[in-house]
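Structure first, commentary second.
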Amino acid sequence: MYFERKGKFIYLYIAKFPEGPTVKYQMIDGNQSDDTRFLGNSLKGSRPIIVFGKEFKESLENKI
Numbered sequence: 003m004y005f006e007r008k009g010k011f012i013y014l015y016i017a018k019f020p021e022g023p024t025v026k027y028q029m030i031d032g033n034q035s036d037d038t039r040f041l042g043n044s045l046k047g048s049r050p051i052i053v054f055g056k057e058f059k060e061s062l063e064n065k066i
């Protein structure tokens with residue numbers, strides 16, 4: 003995963019290096035882990051790193 007800033011836009015690249023494929027997303031909103039307060043189970047890897055909105059699943063070209 004790689005974040006890139008171009009002007010006021012932030013892009014997220016997810017790639018399998020070196021042979022690919024690569025996917026590029028424009029970030030609309032984000033929270034740092036320090037800004038969120040997680041209650042309950044604090045095991046490493048027990049919560050998702052990336053959460054996609056419901057619109058992502060509705061579009062055929064966005065399905066992974």
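Residue numbers (my numbering): 3 to 66.
Note that the Cβ used here is the ideal one computed from N, Cα and C, for glycine as well.
Euclidean distance between Cα positions of residue i and residue j
| i | j | result |
| --- | --- | --- |
| residue 10 | residue 53 | 22 Å |
| residue 58 | residue 6 | 21 Å |
| residue 30 | residue 13 | 9 Å |
Local conformation of residue i per DSSP, three classes
| i | result |
| --- | --- |
| residue 26 | strand |
| residue 58 | helix |
| residue 6 | strand |
Same chain only: Cβ atoms within 8 Å of residue i, ignoring 5 sequence neighbours per side
| i | result |
| --- | --- |
| residue 23 | 17 |
Residue span of the beta strand (DSSP E) that contains residue i, given as start and end
| i | result |
| --- | --- |
| residue 12 | 11-17 |
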